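Notes follow once the structure below has been shown.
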Amino acid sequence: TIILLFNIMSCRNEYPWNQDVNGGCKTVMEILTRLPSLLYLTLDFYITEINDEGCKGVGQLVNHFSTTLIDLHLNFTKTHKLTDGGLHILGDVIRKCSNLTHLTLNFEENDENISDTGVGEITRGLSSLSQLILLHLNFSWCERLTDRSVENIVNGIQPCRSTLSQLSLFLWLSLIHI
19 TIILLFNIMS CRNEYPWNQD VNGGCKTVME ILTRLPSLLY LTLDFYITEI
69 NDEGCKGVGQ LVNHFSTTLI DLHLNFTKTH KLTDGGLHIL GDVIRKCSNL
119 THLTLNFEEN DENISDTGVG EITRGLSSLS QLILLHLNFS WCERLTDRSV
169 ENIVNGIQPC RSTLSQLSLF LWLSLIHI
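Each residue of the sequence shown is one higher than the last, beginning at 19 in our numbering.
Pasting the structure below:
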């Protein structure tokens, strides 16, 4: 068995494809899809210009390995061009990753374009993750979220009853509205 770990860090201007991160996702996808399988994947888009179009590239990459991935980490901290539409794409892709045991999604400080609707799209994908034992969701400082997001998350993990007693949920939300 070959275990492959591929980590992309696109922080600031350290990588040339950060200038066009949405096109860069497609380039990275083309390279990685040549691999026979992938078990662990971490994609870090901290402070980049990734948008919903870039999420399509991420979605295609994750979808390509949906039957082999067991550990997925996606960091979209401070990616202010990402909207509920991008979360819809990611929710659809997560739904297909039925072998995931670990999932981390970080949308910290995406305050302008992510709402309860986007969180609902993500959590609909959680219902098919019957092997899930560790879930990290970070929506802190996403100011458009309400209590409805918490309800969506709780409802989203309910179908994971086989592992629910073992599931560790780490949830960061800032639901303080002044």
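In this text, a Cβ means the ideal position worked out from N, Cα and C, and glycines have one as well.
Keep in mind the model is a prediction, meaning the values are calculated, not measured.
The residue among R166, F83 and D89 with its C-alpha nearest the C-alpha of Y58 is D89. Within its own chain, the residues whose Cβ lies closer than 7 Å to the Cβ of G174, once the five positions on either side in sequence are excluded, are T141, R142, L144 and S145, listed in chain order. By the 16-neighbour rule on beta-carbons within 10 angstroms, F188 is exposed. Minimum Cα-Cα distance from K74 among the listed residues L100, T164 and W190 corresponds to L100. Cβ contact annotation for D102 (same chain, cutoff 8 Å, sequence separation greater than five): N131, I132, S133, T135, G136 and E139, in chain order.
For N124, the secondary structure class from DSSP, reduced to helix, strand or coil, is strand.
Of the residues assessed, V76 falls on the buried side of the cut-off, its CB having 16 or more other CB atoms within 10 angstroms. Under the three-state reduction of DSSP, T60 is assigned to strand. Closest option to T119, judged by alpha-carbon separation, among L153, L61 and S158: L153. In the three-state reduction of the DSSP assignment, H98 falls in the coil class, being assigned neither a helical nor a strand state. Burial state of T164 is exposed, judged by a 10 Å Cβ sphere holding fewer than 16 other Cβ atoms.
Using a Cβ distance threshold of 8 Å, H91 and T51 do not count as a contacting pair.
N156 is not a Cβ neighbour of G104, given a cutoff of 8 Å. Where D165 is concerned, there is no enclosing beta strand (DSSP E), although the alpha helix (DSSP H) around it starts and stops at D165 to I175.
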